[in-house]
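For what it's worth, the numbering used here labels the leading residue of the sequence shown as 529, then goes sequentially.
All C-beta atoms, glycine included, are put in the ideal place defined by N, C-alpha and C.
Nothing here was measured: the structure is a model prediction, and the numbers come from that model.
I have placed the structure first, in the form of structure tokens, so that the comments after it can refer back to it.
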Amino acid sequence: MSDCLFCKIIAGEIPSSKVYEDDVCYAFNDIDPQAPTHFLVIPKAHIASCGEITPENSAVVAHCFEVIVKICKELGVESYRIVNNCGDQAGQTVKHLHFHVLAGRDMTWPP
Ligand code: 5GP
Ligand code: ZN
């Protein structure tokens with residue numbers, strides 16, 4: 529999608545600190561980290577939000593979670609929080625599905 533920030537990051541039009549990449553997804557460090565470890569995992573296909581996951585595209589979500597586990601193992605991170613903000617009230621600012629992975633500090637609940 530031409531006017532999507534994360535599509536531009538995937539295309540290399542906007543620089544990012546890459547953590548991982550394969551044919552299906554891309555992972556990169558958040559520009560405004562909220563924990564010592566804070567990276568985002570995004571599908572390469574433009575899906576606007578969690579609310580647009582369907583039986584046709586849900587395999588990429590499962591793949592994103594497999595990648596999160598793989599990255600965390602490689603980083604030696606054993607405890608982490610995965611966050612998805614879906615919609616404006618939940619705090620979604622970029623309308624391209626992304627999973628935040630935060631680690632390296634105590635987390636509070638409720639968030
Ligand atoms: P949201 O608020 O939509 O759940 O999360 C969007 C995230 O994208 C935020 O944590 C924000 O810091 C991050 N972000 C926004 N613009 C950029 C950017 O240009 N580069 C990177 N690496 N992260 C970004
Ligand atoms: Zn996009």
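Alpha carbon of residue i to alpha carbon of residue j, nearest angstrom
| i | j | result |
| --- | --- | --- |
| His-624 | Leu-603 | 25 Å |
| Ile-528 | Ile-542 | The structure shown does not extend to residue 528, since the chain is modelled only from 529 through 639, so no value can be given for it. |
| Asn-585 | Ile-559 | 27 Å |
| Ile-610 | Asp-616 | 18 Å |
| Ile-537 | Met-529 | 11 Å |
| Arg-633 | Gly-579 | 29 Å |
Residue i, buried or exposed, once every other Cβ within 10 Å from all chains shown has been counted against 16
| i | result |
| --- | --- |
| Val-629 | buried |
| Pro-583 | exposed |
| Ala-631 | buried |
| Pro-571 | buried |
| Thr-636 | exposed |
| Ala-555 | buried |
DSSP three-state assignment for residue i, whether helix, strand or coil
| i | result |
| --- | --- |
| His-626 | coil |
| His-574 | coil |
| Ala-590 | helix |
Pick from the options that is closest to residue i, judged by C-alpha positions
| i | options | result |
| --- | --- | --- |
| Val-569 | Thr-582, Cys-553 and Ala-563 | Cys-553 |
| Ile-575 | Trp-637, Asp-551 and Val-622 | Val-622 |
| Ala-618 | Ala-555, His-591 and Pro-639 | Pro-639 |
| Glu-594 | Tyr-548, Asn-557, Asp-531 and Ile-537 | Tyr-548 |
| Ala-587 | Cys-600, Gln-620, Ala-573 and Ile-599 | Ala-573 |
| His-626 | Asn-557, Asp-551 and Cys-600 | Asn-557 |
| Ser-544 | Leu-533, Asp-550 and Asp-551 | Leu-533 |
| Thr-565 | Ile-599, Asn-613 and Ile-581 | Ile-599 |
Residue i CB to nearest heavy atom of the ligand MN below 8 Å
| i | result |
| --- | --- |
| Val-611 | Judged by which ligands are present, the ligand MN is missing from the structure shown, whose ligands are the ligand 5GP and the ligand ZN. |
Those residues, in chain order, that have a beta-carbon closer than 7 Å to some heavy atom of the ligand ZN: Met-529, Cys-532, Phe-534, Cys-535, His-574 and His-624
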